[in-house]
Amino acid sequence: MDAARARKLADQISQIVAEMLERRIKDPRLGFVTVTEARLTNDLREATVFYTVYGSDQERTDTAMALASATGIIRSEVGRQIGLRHTPSLEFVADALPDSAQRIEDLVTQAKHADAELARSRQGAQYAGDPDPYRKPVEDVDEDD
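Quick note: to get the numbering used here, add 8 to the position in the sequence shown (first position is 1).
Put into C-alpha coordinates, the structure is as follows:
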(Lines of atoms letter the chains of each structure in order from A and count residues from 1; the text may use other names and numbers.)
(Lines give C-alpha, C1' and ligand atoms only; values in the text may rest on other atoms or scores of the structure.)
Protein backbone atom coordinates (compact mmCIF):
# COMPACT_ATOMS: atom_id res chain seq x y z
CA MET A 1 0.00 0.00 0.00
CA ASP A 2 0.93 3.64 -0.23
CA ALA A 3 2.95 5.00 2.70
CA ALA A 4 1.13 8.35 2.51
CA ARG A 5 -2.21 6.58 2.86
CA ALA A 6 -0.89 4.64 5.84
CA ARG A 7 0.22 7.91 7.51
CA LYS A 8 -3.17 9.50 6.87
CA LEU A 9 -4.99 6.51 8.35
CA ALA A 10 -2.59 6.49 11.30
CA ASP A 11 -3.52 10.10 12.04
CA GLN A 12 -7.20 9.16 11.94
CA ILE A 13 -6.55 6.23 14.26
CA SER A 14 -4.75 8.44 16.78
CA GLN A 15 -7.68 10.89 16.77
CA ILE A 16 -10.24 8.12 17.20
CA VAL A 17 -8.27 6.52 20.04
CA ALA A 18 -7.83 9.89 21.79
CA GLU A 19 -11.56 10.61 21.57
CA MET A 20 -12.38 7.12 22.83
CA LEU A 21 -10.08 7.50 25.82
CA GLU A 22 -11.52 10.90 26.62
CA ARG A 23 -15.22 10.14 26.23
CA ARG A 24 -16.08 6.45 26.19
CA ILE A 25 -13.55 4.52 28.25
CA LYS A 26 -14.50 4.91 31.90
CA ASP A 27 -11.91 2.63 33.50
CA PRO A 28 -10.82 4.08 36.86
CA ARG A 29 -7.27 2.80 36.28
CA LEU A 30 -6.95 5.08 33.27
CA GLY A 31 -4.77 8.03 34.24
CA PHE A 32 -4.12 11.34 32.54
CA VAL A 33 -3.18 9.80 29.19
CA THR A 34 -2.25 11.54 25.95
CA VAL A 35 -2.03 9.83 22.57
CA THR A 36 1.16 11.15 20.99
CA GLU A 37 1.31 9.20 17.74
CA ALA A 38 -0.01 6.22 15.83
CA ARG A 39 1.94 4.25 13.26
CA LEU A 40 0.37 1.91 10.78
CA THR A 41 2.20 -0.72 8.77
CA ASN A 42 2.10 -0.36 5.00
CA ASP A 43 -0.15 -3.40 4.68
CA LEU A 44 -2.63 -1.70 7.09
CA ARG A 45 -2.76 -4.77 9.35
CA GLU A 46 -1.10 -3.52 12.53
CA ALA A 47 -1.27 -0.18 14.27
CA THR A 48 1.01 0.91 17.08
CA VAL A 49 -0.41 3.68 19.27
CA PHE A 50 2.09 5.63 21.37
CA TYR A 51 0.88 7.32 24.53
CA THR A 52 2.19 9.20 27.53
CA VAL A 53 0.85 9.26 31.06
CA TYR A 54 1.29 12.16 33.44
CA GLY A 55 1.84 10.77 36.90
CA SER A 56 3.72 8.23 38.96
CA ASP A 57 5.03 4.84 37.91
CA GLN A 58 2.01 3.18 39.53
CA GLU A 59 -0.36 5.32 37.46
CA ARG A 60 1.58 4.42 34.31
CA THR A 61 1.28 0.72 35.12
CA ASP A 62 -2.45 1.04 35.85
CA THR A 63 -2.99 2.94 32.61
CA ALA A 64 -1.15 0.26 30.64
CA MET A 65 -3.42 -2.40 32.15
CA ALA A 66 -6.53 -0.31 31.42
CA LEU A 67 -5.48 0.18 27.80
CA ALA A 68 -4.79 -3.54 27.42
CA SER A 69 -8.28 -4.38 28.69
CA ALA A 70 -9.96 -1.75 26.47
CA THR A 71 -8.09 -2.69 23.29
CA GLY A 72 -11.01 -4.70 21.87
CA ILE A 73 -13.55 -1.90 22.34
CA ILE A 74 -11.18 0.66 20.87
CA ARG A 75 -10.34 -1.59 17.92
CA SER A 76 -14.00 -2.15 17.07
CA GLU A 77 -14.64 1.60 17.12
CA VAL A 78 -11.57 2.23 14.95
CA GLY A 79 -12.85 -0.35 12.46
CA ARG A 80 -16.31 1.18 12.42
CA GLN A 81 -15.07 4.74 11.81
CA ILE A 82 -12.29 3.99 9.33
CA GLY A 83 -14.25 1.57 7.19
CA LEU A 84 -11.41 -0.67 6.03
CA ARG A 85 -12.02 -4.24 4.95
CA HIS A 86 -9.68 -5.45 7.69
CA THR A 87 -9.50 -3.57 10.98
CA PRO A 88 -5.87 -3.21 12.07
CA SER A 89 -4.83 -4.79 15.33
CA LEU A 90 -3.87 -2.23 17.97
CA GLU A 91 -0.83 -2.26 20.19
CA PHE A 92 -0.38 0.39 22.87
CA VAL A 93 3.22 1.40 23.61
CA ALA A 94 4.31 3.88 26.25
CA ASP A 95 6.15 6.72 24.52
CA ALA A 96 9.70 7.21 25.80
CA LEU A 97 9.95 10.74 24.42
CA PRO A 98 9.10 12.58 27.67
CA ASP A 99 11.69 10.55 29.59
CA SER A 100 14.31 11.30 26.93
CA ALA A 101 13.41 14.98 26.98
CA GLN A 102 13.77 15.08 30.77
CA ARG A 103 17.16 13.39 30.51
CA ILE A 104 18.29 15.99 27.98
CA GLU A 105 17.05 18.81 30.24
CA ASP A 106 19.02 17.33 33.14
CA LEU A 107 22.18 17.12 31.02
CA VAL A 108 21.79 20.73 29.84
CA THR A 109 21.35 21.90 33.44
CA GLN A 110 24.42 19.93 34.50
CA ALA A 111 26.46 21.49 31.66
CA LYS A 112 25.32 25.00 32.67
CA HIS A 113 26.42 24.39 36.26
CA ALA A 114 29.80 23.07 35.07
CA ASP A 115 30.27 26.14 32.84
CA ALA A 116 29.41 28.46 35.73
CA GLU A 117 31.89 26.66 38.00
CA LEU A 118 34.61 26.93 35.35
CA ALA A 119 33.91 30.65 34.90
CA ARG A 120 34.19 31.16 38.69
CA SER A 121 37.52 29.34 38.78
CA ARG A 122 38.87 31.50 35.92
CA GLN A 123 38.14 34.79 37.67
CA GLY A 124 41.36 36.50 38.70
CA ALA A 125 43.51 33.86 37.03
CA GLN A 126 46.61 34.86 35.12
CA TYR A 127 48.62 33.11 32.48
CA ALA A 128 51.64 31.17 33.67
CA GLY A 129 54.98 32.40 32.34
CA ASP A 130 55.67 35.44 30.22
CA PRO A 131 52.76 37.54 29.02
CA ASP A 132 54.02 37.18 25.42
CA PRO A 133 55.83 33.82 25.09
CA TYR A 134 56.47 34.07 21.34
CA ARG A 135 59.91 34.96 19.96
CA LYS A 136 60.15 38.09 17.94
CA PRO A 137 62.58 38.56 15.06
CA VAL A 138 65.53 40.76 15.81
CA GLU A 139 65.22 44.06 14.10
CA ASP A 140 68.05 45.00 11.77
CA VAL A 141 70.03 47.88 13.13
CA ASP A 142 72.05 49.94 10.68
CA GLU A 143 75.67 50.33 11.82
CA ASP A 144 76.09 53.42 9.68
CA ASP A 145 73.89 55.52 11.91
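Where is the CB? At the ideal position from N, CA and C, for every residue including glycine.
Given the structure is predicted, the values throughout are model-derived calculations rather than measurements.
Have a look at G39 and I82 and give me their C-alpha separation to the nearest angstrom. 17 angstroms
Do S22 and E54 have their C-beta atoms within less than 8 angstroms of each other? no
What residues in its chain sit with their C-beta under 7 angstroms from that of E67, if we drop five residues either side in the sequence? G39, V61
In or out: T1 buried (at least 16 other Cβ within 10 Å) or exposed? Not covered by the structure: residue 1. The range shown for the chain is 9 to 153.
Do the CB positions of V86 and Y59 come within less than 8 angstroms of each other? no
Residue of R93, S77, Y142 minimising C-alpha distance to I33: For I33, the nearest C-alpha among the options comes from S77.
Excluding five sequence neighbours on each side, which residues of the same chain lie with their C-beta closer than 8 angstroms to the C-beta of R15? L48
If you count every other CB in all the chains shown that lies within 10 Å of the CB of R18, and 16 or more means buried, which is it? The residue asked about is misnamed: residue 18 is Ala in this sequence, not Arg. Result: buried.
Looking at I190: is its Cβ nearer than 8 angstroms to the Cβ of Q89? A query on residue 190 cannot be resolved here, the shown segment of the chain reaching from 9 to 153 and no further.
Enumerate, from N- to C-terminal direction, the unbroken beta strand (DSSP E) stretches of 3 or more residues contained entirely within the stretch 52-121. 54-62, 97-102
Alpha-carbon spacing of M73 relative to P36, whole angstroms: 11 angstroms
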